[in-house]
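Participant: Letter by letter, the sequence shown follows residues 39 to 869 of the numbering used here.
Before anything else, here's the structure in question.
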Amino acid sequence: MPLSDPFLRVRPVAHFALALAVLFAGGPSTAALGAPSAPDDPPTTATVRAELEAGRPQVALETARLALEYAPADPGLLAVAVEAAERAGERDEALAHVFDALALATLTADELSAFTAQLDRLDPKPGEAKAVLDVYAAELLELARGFERRKLYANAVDLLLRCADTASAAAASKLLDKIYANDKAVEALLASGVDVPIDPPKHKKSGDWIAREDKKRRQWSTAYEIKSPNYTIVTNMGYEMGHAMSTAMEQMGQFYREVFRYRERGGTMRRCVISVYAQRTEFDTHEPGISPSVGGFFAPLENRVATYDQRTVGRTLPDLWSTLFHEASHQFTSAVTKNLTPGWLNEGTASYFEGARLRSNGRVETNLVPESRLRALHAMMGHGRGTNARATVRLLDVVSYFQPGSYQGAYYPWGWGLVYFIHNFENERSERVYLQPYFDYWQAYAGGAKHDVVDRFAEYFVRRPKYPGVESIDAFEAEFSRWIGELYDLHFGGPEQADALVARGRKQAGNGKHAYAAESFKWALRKRPDHLEALFGLGAASQELGAADSAIYYLRRALEVARVRPSDDILAHFDGLTVAGLVEDGGTRLRKLDDAVTGNVAASTAAFEERVAALATAYAQDKFPRAALLALMRAERLSGPSAALRAKAASIHREQNVETRRWRRIPLGGAMGDWLEGGGGTWEPDGWVLRGEHEAGALATALAPLSLPNRWRFEGTFTLRPVGDEGAFVGLAFGAQADGSQKLVGFTPAGGVVFVEVTDGKPQLDPVGRFQPIEGHRYKVAVEARETEVEVFIDGTSIGSRPLESDDLVGRVGFFLQGARARFEDTRVLF
Numbered sequence: 039m040p041l042s043d044p045f046l047r048v049r050p051v052a053h054f055a056l057a058l059a060v061l062f063a064g065g066p067s068t069a070a071l072g073a074p075s076a077p078d079d080p081p082t083t084a085t086v087r088a089e090l091e092a093g094r095p096q097v098a099l100e101t102a103r104l105a106l107e108y109a110p111a112d113p114g115l116l117a118v119a120v121e122a123a124e125r126a127g128e129r130d131e132a133l134a135h136v137f138d139a140l141a142l143a144t145l146t147a148d149e150l151s152a153f154t155a156q157l158d159r160l161d162p163k164p165g166e167a168k169a170v171l172d173v174y175a176a177e178l179l180e181l182a183r184g185f186e187r188r189k190l191y192a193n194a195v196d197l198l199l200r201c202a203d204t205a206s207a208a209a210a211s212k213l214l215d216k217i218y219a220n221d222k223a224v225e226a227l228l229a230s231g232v233d234v235p236i237d238p239p240k241h242k243k244s245g246d247w248i249a250r251e252d253k254k255r256r257q258w259s260t261a262y263e264i265k266s267p268n269y270t271i272v273t274n275m276g277y278e279m280g281h282a283m284s285t286a287m288e289q290m291g292q293f294y295r296e297v298f299r300y301r302e303r304g305g306t307m308r309r310c311v312i313s314v315y316a317q318r319t320e321f322d323t324h325e326p327g328i329s330p331s332v333g334g335f336f337a338p339l340e341n342r343v344a345t346y347d348q349r350t351v352g353r354t355l356p357d358l359w360s361t362l363f364h365e366a367s368h369q370f371t372s373a374v375t376k377n378l379t380p381g382w383l384n385e386g387t388a389s390y391f392e393g394a395r396l397r398s399n400g401r402v403e404t405n406l407v408p409e410s411r412l413r414a415l416h417a418m419m420g421h422g423r424g425t426n427a428r429a430t431v432r433l434l435d436v437v438s439y440f441q442p443g444s445y446q447g448a449y450y451p452w453g454w455g456l457v458y459f460i461h462n463f464e465n466e467r468s469e470r471v472y473l474q475p476y477f478d479y480w481q482a483y484a485g486g487a488k489h490d491v492v493d494r495f496a497e498y499f500v501r502r503p504k505y506p507g508v509e510s511i512d513a514f515e516a517e518f519s520r521w522i523g524e525l526y527d528l529h530f531g532g533p534e535q536a537d538a539l540v541a542r543g544r545k546q547a548g549n550g551k552h553a554y555a556a557e558s559f560k561w562a563l564r565k566r567p568d569h570l571e572a573l574f575g576l577g578a579a580s581q582e583l584g585a586a587d588s589a590i591y592y593l594r595r596a597l598e599v600a601r602v603r604p605s606d607d608i609l610a611h612f613d614g615l616t617v618a619g620l621v622e623d624g625g626t627r628l629r630k631l632d633d634a635v636t637g638n639v640a641a642s643t644a645a646f647e648e649r650v651a652a653l654a655t656a657y658a659q660d661k662f663p664r665a666a667l668l669a670l671m672r673a674e675r676l677s678g679p680s681a682a683l684r685a686k687a688a689s690i691h692r693e694q695n696v697e698t699r700r701w702r703r704i705p706l707g708g709a710m711g712d713w714l715e716g717g718g719g720t721w722e723p724d725g726w727v728l729r730g731e732h733e734a735g736a737l738a739t740a741l742a743p744l745s746l747p748n749r750w751r752f753e754g755t756f757t758l759r760p761v762g763d764e765g766a767f768v769g770l771a772f773g774a775q776a777d778g779s780q781k782l783v784g785f786t787p788a789g790g791v792v793f794v795e796v797t798d799g800k801p802q803l804d805p806v807g808r809f810q811p812i813e814g815h816r817y818k819v820a821v822e823a824r825e826t827e828v829e830v831f832i833d834g835t836s837i838g839s840r841p842l843e844s845d846d847l848v849g850r851v852g853f854f855l856q857g858a859r860a861r862f863e864d865t866r867v868l869f
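Spelled out as structure tokens, the structure:
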């Protein structure tokens, strides 16, 4: 795909430096902005104490604020910050620091006693906030216990996690441990499809143990061997990666069975060995004769998959997962038929599994789109372009390929697209009209009869389905192409596409296709996580499918979200139903599913909100707005979204102009501890400064052990010095997920500020604005996330913004560079 294509706003590239030169060479630029001064060494408790003893309480307070950015959980620092704030006349801030301290789980008995005494002295409503929160948390704990007894584990985990920072925290943690220690419970959590944390302890080891063991297992001869019911993972990529592969492959194995309709109930299957090397060089040594262009392979005689960490050849972690999911599926291809099959059926089906995504809780989500395949197919079909690229590849070329071995690379997007289309295309009755012919087509190749491969394709996908208007292979291709165009718009569209997905889900549910409806509603929630109609629709679809745990979870979430909508709002996709009507319907469904869910919960929650709102009003009137806002925030963590609590918080913010989010410095640590590194760069921590160097190849990244919600500000100061002749690229990374996807904002000496989205292992570049840095100068770059968009700042000046889906903003943050030396410092987040 040419980088100069004027019709493409977002451009996929293989090498950033070259692409950035194309994007920004020769254009206008701004003058360099003033650079901030270098930060001092972090202040300490002793520094703050010295200022207090010198009689400078205001300076002491400002020093404590900065010190807490570096050590927010230091009880000694919090204690002196309380004293500094109180002596500076900031009693509200002093009380807020007490609340922060009392939320720590590591306080000694003496520290707890001291902070409790400060609370009694400073709090104008002694013990009231804690009492209100603790009473409601105890009610949630009892509800969670009931869920656990009834094996509704997703709901139990959700409520137990809400009890943190309350008197019920210890009991909630104990019950969570019990759930995670139950293999059946963990299996149920993974199968539920609900995105609650899943943390089974049986594979958990301390960080020190893992570091020691990983060091012993770095050589292939001492690699880990991790066995699960159907797979043996052999890898020297590390303990945690090995177990992640093991968990993911068991889920994929079940999905393979469903797609191939092969022993779906878990009948005996020959154990598959999966060898994953930490380096390409090791792969070449132990798997000789494999082309450098091959990312992995399946050896049918050995029933073994071999691949490697593809970051070692300039690719990314998602490339490893997609290769693994692709190659492992060939075991089932061999099981279904021993005969030669058309290339699109074999490789297209394997490519279909590339869309599977490993979520942060270890759950694998399937039937998703591998974005590089969709982009390539969309372009080859000529969508949105001035010329028709189908002159070089046509559907007939692809379906007629019937030879041993893989077909040419240009056919792979077509093969994937065909299989994805077959699995997802629906008629007006929401019937997937090509799905049964696909299964029958596989069976046709179980026998070895001589046949015309094109005529057989026409028989199964044109003549048998009898879809209106599709009476030839050319007509099939036209419908296929039209559908891919719609899929492209839907997949790459913004949050507004959630409405289209909800409308589709409603249609599917109306046609009795509740499993398909659930897929559509889940997709809508990936676009907009709090979409009321999608939550309710998914709960109702799950109920129809007999998935009680999921149904209760999503209906509960829908009723919570409904609390922030006016009751007389009309829901566009629910035939004129109002929010109040949806709440009534949802309550009825919940009572039918599990009467204990609704019992007195609604009344209890309403009473809780009323008590918290009254408490917040009293705090604000006594000039303790931070205490008021903290109480409201903690209440919403317990009860879920609340219009009443949000309205109260908004009025306090408006009237008293306070901020409850905290600045936090990015922790480096002596050896970068739990940081994730990739791309071949060299990273050297030095106190609170990080130096990086990278010469060529894929981006080098360093991701901090810090995962953010979807509303934050991330900023850092850095210098840029190019390496080599191909330019440079450096900046901030955010939204990094377990599957390797992430977002980047950075700038280049060529004069551009760029937003980059890395998904499916492929970077997509999107120019944000113009900025001409000076080599060696220091610049502060910030990214502000506001739930559905990000805005980029350089030295306090806005450069531009981009819309993003809410869940794209959640994840780890860090730094990246390519072809450059960079020094990162003064890096912090507000959340």
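From the three backbone atoms N, C-alpha and C, an ideal C-beta is built for every residue, glycine too.
Is there contact here, the stretch 383-395 with the stretch 288-296, by at least three beta-carbon pairs under 8 angstroms?
Facilitator: Judged by Cβ distances under 8 angstroms, the stretch 383-395 makes contact with the stretch 288-296, as three or more pairs qualify.
Participant: For H552 and A596, which I take to be in contact (beta-carbon distance under 8 angstroms), what is that distance rounded to the nearest angstrom?
Facilitator: As a working note, residue 552 is residue 514 in the sequence shown. As a working note, residue 596 is residue 558 in the sequence shown. Between A596 and H552 the Cβ distance is about 16 angstroms, and since that is not below 8 angstroms, they are no contact.
Participant: By the 10 Å Cβ neighbour count, where 16 or more other Cβ atoms means buried, how is H324 classified, buried or exposed?
Facilitator: The count along the sequence shown starts at 1 and reaches residue 324 at position 286. The residue is exposed, with fewer than 16 neighbouring Cβ atoms inside 10 Å.
Participant: Near A316, which residues of its chain fall below 6 angstroms by C-beta distance, leaving aside the five closest residues on each side in sequence?
Facilitator: Within the sequence shown, residue 316 is the residue found at index 278, counting from 1. Around A316: N274, M275 and D347.
Participant: Is the beta carbon of F772 closer than 8 angstroms to that of F860?
Facilitator: As a working mapping, residue 860 is identified with position 822 in the sequence shown. As a working mapping, residue 772 is identified with position 734 in the sequence shown. Looking at the sequence provided, one finds Ala at residue 860 rather than Phe. Result no, Cβ atoms of A860 and F772 do not sit closer than 8 angstroms.
Participant: Pull up the CB-CB distance for H421 and G507, whole angstroms please, since I reckon it's below 8 angstroms.
Facilitator: Taking the sequence shown and counting its residues from 1, one reaches residue 421 at position 383. Taking the sequence shown and counting its residues from 1, one reaches residue 507 at position 469. Incorrect: roughly 20 angstroms between the Cβ atoms, too far for contact.
Participant: According to DSSP, is H815 helix, strand or coil?
Facilitator: Here the question's residue 815 lines up with position 777 in the sequence shown. Correct three-state label for H815: coil.
Participant: Would you please state the rounded distance, in angstroms, between the beta carbons of I837 and V806? I believe it to be under 8 angstroms.
Facilitator: Sequence index remark: in the sequence shown, residue 837 carries index 799 (1-based). Sequence index remark: in the sequence shown, residue 806 carries index 768 (1-based). Their Cβ separation, rounded to whole angstroms, is 6 angstroms, which keeps I837 and V806 in contact under 8 angstroms.
Participant: Can you tell me whether E722 is helix, strand or coil according to DSSP?
Facilitator: As a first step, residue 722 must be located in the sequence shown, where it is residue number 684. It is a strand residue.
Participant: Do A673 and V650 have their C-beta atoms closer together than 8 angstroms?
Facilitator: Looking up residue 673 in the sequence shown gives position 635. Looking up residue 650 in the sequence shown gives position 612. In contact: A673 and V650 (Cβ atoms closer than 8 angstroms).
Participant: Quick one, which of A682, A665, L609 and Y445 has its alpha-carbon nearest T643's?
Facilitator: By 1-based counting over the sequence shown, the position of residue 643 is 605. Taking only the C-alpha atoms, the option nearest T643 is A682.
Participant: How would you label N377, buried or exposed, when you count the other beta carbons within 10 angstroms and need 16 or more for buried?
Facilitator: Position 339 of the sequence shown, counted from the first residue, corresponds to residue 377. N377 is exposed by the Cβ-count criterion.
Participant: Please name the residue in A126, A175, W258 and F298 whose C-alpha comes closest to that of T14.
Facilitator: This structure leaves residue 14 out entirely; the chain is present only between 39 and 869.
Participant: If you draw a straight line from the alpha carbon of D660 to that of A134, how long is it in whole angstroms?
Facilitator: Translated into positions along the sequence shown, residue 660 becomes position 622. Translated into positions along the sequence shown, residue 134 becomes position 96. C-alpha separation (whole angstroms): 14 angstroms.
Participant: Using a threshold of 8 angstroms, state whether the C-beta atoms of W454 and P380 are closer than that.
Facilitator: Numbered from its first residue, the sequence shown carries residue 454 at position 416. Numbered from its first residue, the sequence shown carries residue 380 at position 342. Not a contact, by the Cβ cut-off of 8 angstroms.
Participant: Give the straight-line distance between the Cα atoms of K781 and E753, rounded to the nearest whole angstrom.
Facilitator: The count along the sequence shown starts at 1 and reaches residue 781 at position 743. The count along the sequence shown starts at 1 and reaches residue 753 at position 715. The straight-line gap from Cα to Cα measures roughly 14 angstroms.
Participant: Which word fits A484, buried or exposed, when buried means at least 16 other C-beta atoms lie within 10 angstroms of its C-beta?
Facilitator: Here residue 484 refers to the residue found at position 446 when the sequence shown is read from its first residue. With fewer than 16 Cβ atoms within 10 Å of its Cβ, A484 is classed as exposed.
Participant: V848: which of V819, F662, D864 and E825 sits nearest, CA to CA?
Facilitator: If you number the sequence shown from 1, residue 848 lands on position 810. Among V819, F662, D864 and E825, the Cα nearest to that of V848 belongs to E825.
Participant: Output the boundary residues of the beta strand (DSSP E) element that contains P164.
Facilitator: Along the sequence shown, one-based indexing puts residue 164 at 126. From DSSP, P164 is part of no beta strand (DSSP E); its letter is neither H nor E.
Participant: Have a look at D322 and G280 and give me their C-alpha separation to the nearest angstrom.
Facilitator: By one-based count along the sequence shown, residue 322 stands at place 284. By one-based count along the sequence shown, residue 280 stands at place 242. Cα to Cα, the separation comes out at about 20 angstroms.
Participant: With 16 as the cutoff for other CB atoms within 10 Å, does T720 come out buried or exposed?
Facilitator: The count along the sequence shown starts at 1 and reaches residue 720 at position 682. That one is exposed.
Participant: Check W713 in the structure and name its three-state DSSP category.
Facilitator: The residue you call residue 713 lines up with position 675 of the sequence shown. Coil.
Participant: Alpha carbon to alpha carbon, how far is S67 from V851?
Facilitator: Residue numbering aside, residue 67 sits at position 29 when the sequence shown is read from its first letter. Residue numbering aside, residue 851 sits at position 813 when the sequence shown is read from its first letter. Only weak support is given to the placement of S67: the predicted model assigns it a pLDDT of 32, under 50, and the value that follows is read from those uncertain coordinates. Those two C-alpha atoms are separated by around 28 angstroms.
Participant: Please identify the residue among V791, I460 and H815 whose C-alpha is closest to the C-alpha of R759.
Facilitator: Here the question's residue 759 lines up with position 721 in the sequence shown. Answer by Cα proximity: H815.
Participant: Measuring CB atoms only, is the stretch 304-314 touching the stretch 243-254, in the sense that at least three cross pairs come out at less than 8 angstroms?
Facilitator: Contact fails: fewer than three Cβ-Cβ distances are below 8 angstroms.
Participant: Answer with buried or exposed for S284, where buried requires no fewer than 16 other C-beta atoms within 10 angstroms of its C-beta.
Facilitator: For the purposes of this step, residue 284 is taken as the residue at position 246 of the sequence shown. Answer is buried; the Cβ neighbour count reaches 16.
Participant: Whose CA, out of R603, N549 and L620, lies closest to the CA of G577?
Facilitator: Position 539 of the sequence shown, counting from 1, holds the residue named residue 577. Looking at the Cα atoms, L620 is the closest of the given residues.
Participant: Alpha carbon to alpha carbon, how far is H732 from F785?
Facilitator: Here residue 732 refers to the residue found at position 694 of the sequence shown. Here residue 785 refers to the residue found at position 747 of the sequence shown. The alpha-carbon atoms of H732 and F785 are separated by roughly 15 angstroms.
Participant: DSSP has F335 in a bridge; who is on the other side?
Facilitator: In the sequence shown, counting from the first residue as 1, residue 335 sits at position 297. Answer by DSSP bridge pairing, in chain order: A344.
Participant: Please state whether DSSP places S642 in a helix, a strand or coil.
Facilitator: Within the sequence shown, residue 642 is the residue found at index 604, counting from 1. If DSSP states are grouped into helix, strand and coil, S642 belongs with the helices.
Participant: Between the alpha carbons of K168 and A175, how many angstroms are there, rounded?
Facilitator: Numbered from its first residue, the sequence shown carries residue 168 at position 130. Numbered from its first residue, the sequence shown carries residue 175 at position 137. Taking the straight line joining both Cα atoms gives about 10 angstroms.
Participant: Hey, how far is the Cα of E403 from the Cα of L628?
Facilitator: Reading the sequence shown from its first residue, position 365 is the one you call residue 403. Reading the sequence shown from its first residue, position 590 is the one you call residue 628. Each residue's alpha carbon lies about 26 angstroms from the other.
Participant: Which of helix, strand or coil does DSSP assign to E863?
Facilitator: Taking the first residue of the sequence shown as position 1, residue 863 is located at position 825. Looking at E863 - three-state DSSP - the assignment turns out to be strand.
Participant: Taking the Cβ atom as the reference point for each residue, do L770 and V828 lie within a distance shorter than 8 angstroms?
Facilitator: Counted from its first residue, the sequence shown places residue 770 at position 732. Counted from its first residue, the sequence shown places residue 828 at position 790. Not closer than 8 angstroms, so no.
Participant: What is the DSSP secondary structure of F612, reduced to helix, strand or coil?
Facilitator: Counting from 1 along the sequence shown, the entry for residue 612 is found at position 574. In this structure, F612 counts as coil in the three-state DSSP scheme.
Participant: Just reading off the alpha helix (DSSP H) that A586 is part of, what are its end residues?
Facilitator: In the sequence shown, the residue the question calls residue 586 occupies position 548. That run of the alpha helix (DSSP H) goes A586 to A600.
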